[in-house]
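Going by the numbering used here, the first residue of the sequence shown is number 136, and it counts up by one from there.
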Amino acid sequence: MEPMVTAMGRSKRRGAQEIRHTWEERTCENCTCSMSSVPPPMISDLMNDEDLLYKLRLKLDTYHPTVKNWRNFASKWGMTYDELCFLENRPQSPTVEFLLRNSEKTVDQLIDLCKLYRRIDVLNVLQHWVNKDWPKRCLPTH
């Protein structure tokens, strides 16, 4: 078994079969770069991707009594009831406002919220961005 360096820079022993679709291990195919040089994405980084923000707004701005939305995420990260009401009445998307207020957090922390609230649809969008789009932004030669 050969050692493999994960996205976090830790060495792991792996067999011949590589797991390619977990977001914890980001690998480059057909290149010689080290993905450990790609910094973990912050929420501030995803704020520059209009397509991603559009998808997140569609999924989290909506209200449905049985589906966790931006309010649950914001509340979990410490926003008060008054702040939630304030964001809800702003002309801008409450999801975007929530993300702006938490731009110093990592996308992995946002992914953890998706897992907590079982928002697999949002989780999939974020994982795709982390695995496909984020490395392209950091390593423009890919």
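Positions of the beta carbon are idealized from the N, C-alpha and C atoms, including for glycine.
Please read all numbers here as calculations on a predicted model, not as lab measurements.
- prompt: How about residue 265 and residue 242: do their beta carbons lie closer than 9 Å?
  reply: The sequence position of residue 265 within the sequence shown is 130, counting from 1. The sequence position of residue 242 within the sequence shown is 107, counting from 1. Going by C-beta atoms, residue 265 is nearer than 9 Å to residue 242.
message: Taking the straight line between their C-alpha atoms, what separation do you get for residue 137 and residue 240?
response: Your numbering for residue 137 matches position 2 in the sequence shown. Your numbering for residue 240 matches position 105 in the sequence shown. The predicted model places residue 137 with a pLDDT of 43, which falls under 50 and marks its position as unreliable, so this point remains unresolved.
message: Our contact map puts residue 236 next to residue 219 with C-beta atoms below 8 Å; I'd like the distance itself, whole angstroms only.
response: Here residue 236 refers to the residue found at position 101 of the sequence shown. Here residue 219 refers to the residue found at position 84 of the sequence shown. With a Cβ gap of about 11 Å, residue 236 and residue 219 do not count as contacting.
message: Suppose you measure from the CA of residue 222 to the CA of residue 267; what does that come to, to the nearest Å?
response: Residue numbering aside, residue 222 sits at position 87 when the sequence shown is read from its first letter. Residue numbering aside, residue 267 sits at position 132 when the sequence shown is read from its first letter. The alpha-carbon atoms of residue 222 and residue 267 are separated by roughly 31 Å.
field: Closest by C-alpha distance to residue 260, when choosing among 238, 192, 217, 197
entry: Position 125 of the sequence shown, counted from the start, is the residue given in the question as residue 260. Here the closest residue by C-alpha is 192.
message: Quick check: residue 178 and residue 234, are their CB atoms within less than 9 Å of each other?
response: The residue you call residue 178 lines up with position 43 of the sequence shown. The residue you call residue 234 lines up with position 99 of the sequence shown. The answer is yes: Cβ separation under 9 Å.
- prompt: Can you name, in chain order, every residue of its own chain whose Cβ lies under 7 Å from the Cβ of residue 254, other than the five neighbours on each side?
  reply: Counting from 1 along the sequence shown, the entry for residue 254 is found at position 119. Answer for residue 254: 203, listed in chain order.
query: If you compare alpha carbons, which of 187, 216, 175, 213 is closest to residue 256?
result: The residue labelled residue 256 in the question sits at position 121 within the sequence shown. It is 187 whose Cα lies nearest to the Cα of residue 256.
- prompt: From residue 174 to residue 272, what distance separates their C-alpha atoms?
  reply: Your numbering for residue 174 matches position 39 in the sequence shown. Your numbering for residue 272 matches position 137 in the sequence shown. Residue 174 and residue 272: Cα-Cα distance of roughly 11 Å.
field: Pairwise C-alpha distance: residue 269 and residue 213
entry: Mapped onto the sequence shown, residue 213 falls at position 78. Mapped onto the sequence shown, residue 269 falls at position 134. So the two alpha carbons sit approximately 27 Å from each other.
Residue from 200, 251, 182 with nearest C-alpha to residue 211: Residue 211 sits at position 76 when you count from the first residue of the sequence shown. Nearest of 200, 251, 182 to residue 211, Cα basis: 251.
- prompt: Helix or strand or just coil, what does DSSP make of residue 197?
  reply: As a position in the sequence shown, residue 197 is number 62, starting the count at 1. It is coil, neither helix nor strand.
- prompt: Of all the options 248, 245, 196, which has the alpha carbon lying nearest to the alpha carbon of residue 132?
  reply: Lying before the first or after the last residue shown, residue 132 is absent from the chain, which here runs from 136 to 277.
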